[in-house]
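A.B. asks: Each residue of the sequence shown is one higher than the one before, counting from 822 in the numbering used here. Each residue gets a CB set at the ideal place from its N, CA and C atoms; glycine is no exception.
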Amino acid sequence: MKFIKHTLAALILTLNFAIAQKGDSTLVFEINFNLDSYALSKAQKAKVDSVLDLAPISVLKHVEIYGHTDSLAGIEYNRQLSKRRVQSILTYLVYNGLDPLLVDADYYGEERPKYDNAAETRARNRRVEVHLAIDPSLFPKPEYRITSEKFKKGERIRLPNLNFVGNQPIPVAQSFSVLRDLLEVMLMYPDLQIELQGHVCCNDNYELSMERSKMVHDFLVGNGIDQSRLSYKGFSNKKPLFKEKTEKEKALNRRVEVLVIDNSDRVENVIALDKKLDLRAPVLGVTFFNKKSRLTPQGDHSLSLIAEMLQHPENLYFEFVIFDNINDNALTKGRGFAIDRTLKKMNVARELFLVRPKPATSRMPDSDNNNFLMVKISEK
């Protein structure tokens, strides 16, 4: 509790927007919007990020979000505008890992002004209030990084903060730091041999658990680690750490672990990695109607989850490759154009991504209708 009090005090002193403390473990802050606007700007996202840096998603036990407007325009219009403002904040928090089941939200339009609606002050009513209820016991060890582990033979180490796009082996942008740490560990211990083990929660999905561990494997190989030191497996949901009675337990069961197969006392002095890294991952579930270039509803949904991450890229560039393993070059190109158009319609900036078709490799199995799709993510 002493730690959380100090954290809250520091937060209140350092942030330059409306924020208050409600009890020992609840933060209340406001995000203000421009006239008739509900889209989050870079500055507004930075304000939310400033709060999450000190009160991260992992320590939140409940969130309340309330939307408001000034008194300009009509009552019903303002109610819908405040609703969209709430949705913008909620979408951004969910992108950062918040479980929607932890959220209560409502919107009031102009009905609950906190400030006078006179011309000089009404802009302050164009706001969303966010209440963050914090569980202090969930705070991680300060500054924990896997580089502090000794990686002794037989140890099993969870990769912390390795999070993925929903139902994908594609890591979110913030996960690059832990992948960089793992690469540093493999360079630090030249005799270290590991097995990467992928796990999912809730439903049996062996392919997803395998692809997530394989993504980490391929990242290490692609950045210079000898393949003989690595192996990978998927365990689906067959080895849960917890019984999954709560959302927190489900989240903890979604993981990639490192099993130390062998290591020695030999340690290399590794200079901090400052080179630009990249990784490749398959894109799952982006499906099309039979012999057409139109996305199925399921394919559109899968692409929307990826598009949400692409809207918060953190200096990354995304290259999507759609392979012609269906033996129809024209259709493959058409589907590539469809993915490109859909991402642009989902407000992904053109300078962040490229979609290109490519011939299938010799090891790639043919398919009647499903193109193999992968993404290369590179640090700028």
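1) Of the choices 1135, 1107, 861, whose alpha-carbon is the least far from that of residue 1251?
2) Following the continuous alpha helix (DSSP H) through residue 985, name the residue where it begins and the one where it ends.
3) Whole-angstrom Cβ separation of residue 979 and residue 1078, contact assumed at under 8 Å?
4) Give me the Cα-Cα distance between residue 877 and residue 867, rounded to the nearest whole angstrom.
5) Exposed or buried, what is residue 886 when buried is set at 16 or more other beta-carbons lying within 10 Å of its beta-carbon?
6) For residue 847, which of helix, strand or coil comes out of DSSP?
7) What does the Cβ neighbour count give for residue 826, buried or exposed, with the cut at 16 atoms within 10 Å?
8) For residue 907 and residue 955, I'd like the C-alpha separation in whole angstroms.
9) Can you tell me whether residue 1123 is buried or exposed? The criterion is at least 16 other CB atoms within 10 Å of its CB, across all chains shown.
10) How long is the line joining the alpha carbons of residue 1168 and residue 1132, rounded to whole angstroms?
11) Tell me, please, which residues DSSP counts as bridged to residue 955.
12) For residue 1073, I'd like the list of residues in its chain whose CB is within less than 7 Å of its CB, leaving aside the five on either flank, ordered along the chain.
13) Cutting at 6 Å between CB atoms, please list the residues of its own chain near residue 831, excluding the five before and the five after it.
14) Which whole-angstrom value describes the C-beta separation of residue 1102 and residue 1185, a residue pair presumed to lie in contact below a C-beta threshold of 8 Å?
15) From the DSSP output, read off the bridge partner residues of residue 1109.
16) Taking residue 903 as the reference, which of 1129, 859, 894 has the closest Cα?
17) From the DSSP secondary-structure annotation, give me the bridge partner or partners of residue 1156.
C.D. replies: Taking the structure as given:
1) There is simply no residue 1251 to check, as the chain begins at 822 and stops at 1201 in what is shown.
2) In the sequence shown, the residue the question calls residue 985 occupies position 164. From DSSP, residue 985 is part of no alpha helix (DSSP H); its letter is neither H nor E.
3) Here residue 979 corresponds to residue number 158 of the sequence shown, with the count starting at 1. Here residue 1078 corresponds to residue number 257 of the sequence shown, with the count starting at 1. Contact between residue 979 and residue 1078 is confirmed by a C-beta separation of about 5 Å, below the 8 Å threshold.
4) Numbered from 1 along the sequence shown, position 56 holds the residue referred to as residue 877. Numbered from 1 along the sequence shown, position 46 holds the residue referred to as residue 867. So the two alpha carbons sit approximately 14 Å from each other.
5) For the purposes of this step, residue 886 is identified with residue 65 of the sequence shown, where counting begins at 1. Around the CB of residue 886, 16 or more other CB atoms lie within 10 Å, so the residue is classed as buried.
6) Working through the sequence shown from its first residue, we reach residue 847 at position 26. Strand.
7) For this step, residue 826 is matched to residue 5 along the sequence shown. Any reading at residue 826 must be qualified, since the residue scores a pLDDT of 38, below 50, and its modelled position is unreliable; the value itself is stated next. Per the 10 Å Cβ criterion, exposed.
8) Start at 1 with the first residue of the sequence shown, and residue 907 comes out as number 86. Start at 1 with the first residue of the sequence shown, and residue 955 comes out as number 134. Taking the straight line from one Cα to the other gives about 20 Å.
9) By one-based count along the sequence shown, residue 1123 stands at place 302. Under the 10 Å beta carbon count, residue 1123 is surrounded by 16 or more other beta carbons and is classified as buried.
10) Translated into positions along the sequence shown, residue 1168 becomes position 347. Translated into positions along the sequence shown, residue 1132 becomes position 311. So the two alpha carbons sit approximately 7 Å from each other.
11) Residue 955 sits at position 134 when you count from the first residue of the sequence shown. Under the DSSP definition of a beta bridge, residue 955 partners with 881.
12) In the sequence shown, the residue the question calls residue 1073 occupies position 252. Around residue 1073, the same chain offers 1062, 1063 as residues with beta carbons nearer than 7 Å, after the five sequence neighbours per side are excluded.
13) In the sequence shown, the residue the question calls residue 831 occupies position 10. In this prediction, residue 831 scores a pLDDT of 41, lower than 50, which makes its location untrustworthy; the coordinate-derived value is nonetheless stated afterwards. In its own chain, leaving out the 5 sequence neighbours on each side, no residue places its CB closer than 6 Å to the CB of residue 831.
14) Walking along the sequence shown from the start, residue 1102 turns up at place 281. Walking along the sequence shown from the start, residue 1185 turns up at place 364. Taking 8 Å as the upper bound for CB-CB distance, residue 1102 and residue 1185 are not in contact here, some 16 Å apart.
15) The residue given as residue 1109 occupies position 288 in the sequence shown. Secondary-structure assignment with DSSP links residue 1109 through a beta bridge to 1116.
16) Within the sequence shown, the letter at position 82 stands for residue 903. Out of 1129, 859, 894, the CA that lies nearest to the CA of residue 903 is found in 859.
17) Looking up residue 1156 in the sequence shown gives position 335. None, per the DSSP bridge assignment.
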